[in-house]
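Residue 163 in full-length UniProt numbering sits at position 163 of the sequence shown, and the numbers go up by one each step. We treat Cβ as the ideally placed atom computed from N, Cα and C, and that holds for glycine. Structure first, commentary second.
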Amino acid sequence: MHPTIPIAVVNPQRPGARAEVRCGLCSFNKLCLPQGLDEHDMGRLDQIIVRRRRVLRDESLYAMGQSFHSLYAVRLGHFKTAQVNRRGEQQITGFHMAGDLLGMEAIGSGQHSCAAVALEDSEVCEIPFARLQELVLQVPPLMQHFHRTMAREIQREQSVMLFLGNMRAEQRLALFLLSMGARYAARGYSPASFQLRMSREDIGGYLGLTIESVSRLLARFRKQGWISLDKREVSLLDLAGLERLSLGVAGEAEDGGVGGGEAGNQPDYAAPRAA
Numbered sequence: 001m002h003p004t005i006p007i008a009v010v011n012p013q014r015p016g017a018r019a020e021v022r023c024g025l026c027s028f029n030k031l032c033l034p035q036g037l038d039e040h041d042m043g044r045l046d047q048i049i050v051r052r053r054r055v056l057r058d059e060s061l062y063a064m065g066q067s068f069h070s071l072y073a074v075r076l077g078h079f080k081t082a083q084v085n086r087r088g089e090q091q092i093t094g095f096h097m098a099g100d101l102l103g104m105e106a107i108g109s110g111q112h113s114c115a116a117v118a119l120e121d122s123e124v125c126e127i128p129f130a131r132l133q134e135l136v137l138q139v140p141p142l143m144q145h146f147h148r149t150m151a152r153e154i155q156r157e158q159s160v161m162l163f164l165g166n167m168r169a170e171q172r173l174a175l176f177l178l179s180m181g182a183r184y185a186a187r188g189y190s191p192a193s194f195q196l197r198m199s200r201e202d203i204g205g206y207l208g209l210t211i212e213s214v215s216r217l218l219a220r221f222r223k224q225g226w227i228s229l230d231k232r233e234v235s236l237l238d239l240a241g242l243e244r245l246s247l248g249v250a251g252e253a254e255d256g257g258v259g260g261g262e263a264g265n266q267p268d269y270a271a272p273r274a275a
């Protein structure tokens, strides 16, 4: 179980009182905030965070089409973001964990283009965007950080659209596992041993594969000695082998997953973001 780092204190004499959210005490602030903010600027940022918000498993943080008002910094737990395609089918667009910011896709349009749903009981810090805009005008490092964050998001989407559409099914899954490991490593955890918080159906929806294909590929990876798997606990036993597979150097398509998606399962939406 991952350690919980307290970043807020609730006055025990005032049940239901607003939490005193402290960005400076959060172990993940280096992921969602610029480095080098002085104590004064950090305090000003603390002041605009209106509340911590608990989101229970399978509950929505916000819905697709909902008006945009706030960004959300994930403090605890995991989320998935999803859209509904032209056929009315759910398409998973990303998975998010502690230190990630949710809601940035709505900044331009003022409306959320996807829904954010908790994969487990989770908690976020709510940051009203109007107040954040006022603050970034006064704190240049904060403005530069959010510009870089948005630019990276655009670049990541473009890069994934260029190469993921040409990946075989096993390449996609290998890259997904490696990417998840890298994200946990950035948070101080093992890059080779972690729990998959999402279902196999969600993984398939993200990678453009059926749940049966995901299950077959995981079984194949385990048989090859690349991973071990116990329910949702996965260990990456051969990082180099998975890296070669993700690059198309090792392994042949055994799942009919040649090209962009599986036969009869081509996604009609933008290729998913890197996990």
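Three-state secondary structure (DSSP) of residue i
i: A253; result: The predicted model places A253 with a pLDDT of 43, which falls under 50 and marks its position as unreliable; any figure quoted below should be read in that light. Coil.
i: V50; result: coil
i: D230; result: strand
i: residue 292; result: With the chain covering only 1 through 275, there is no way to say anything about residue 292.
i: M198; result: coil
i: I92; result: strand
i: Y206; result: helix
i: residue 294; result: Lying before the first or after the last residue shown, residue 294 is absent from the chain, which here runs from 1 to 275.
i: M97; result: strand
i: R87; result: coil
i: F221; result: helix
i: A73; result: strand
i: H112; result: coil
i: A192; result: coil
i: L137; result: helix
i: L119; result: coil
i: L56; result: coil
Boundaries (first-last residue) of the beta strand (DSSP E) holding residue i
i: Y62; result: 60-62
Beta-carbon spacing of residue i, residue j below 8 Å
i: residue 277; j: F79; result: Past the edges of the chain, shown from 1 to 275, lies residue 277, and the structure says nothing about it.
i: H112; j: M64; result: yes
i: R53; j: E170; result: no
i: M97; j: V117; result: no
i: S235; j: S179; result: no
i: Q158; j: C114; result: no
i: A106; j: F68; result: yes
i: L242; j: L177; result: yes
i: L239; j: A174; result: no
i: L135; j: I203; result: no
i: V55; j: S122; result: yes
i: M198; j: F95; result: yes
i: L102; j: L61; result: yes
i: P128; j: V50; result: yes
i: L137; j: R172; result: no
Assumed close pair residue i, residue j - CB separation to whole angstroms, cut-off 8 Å
i: S228; j: R220; result: Wrong, their Cβ atoms sit about 13 Å apart, outside the cutoff.
i: L237; j: W226; result: 6 Å
i: Q91; j: G205; result: 6 Å
i: V214; j: R200; result: 5 Å
i: L71; j: M104; result: 7 Å
i: G43; j: R187; result: Wrong, their Cβ atoms sit about 25 Å apart, outside the cutoff.
Residue i beta carbon near the ligand HEM (any heavy atom closer than 7 Å)
i: F68; result: No copy of the ligand HEM occurs in the structure displayed, which carries no ligand at all.
Start-to-end residues for the alpha helix (DSSP H) that takes in residue i
i: A185; result: 169-186
i: A240; result: 239-246
Cβ of residue i within 8 Å of any chain C Cβ
i: C114; result: Note that chain C does not occur in the displayed structure, where there is just one protein chain.
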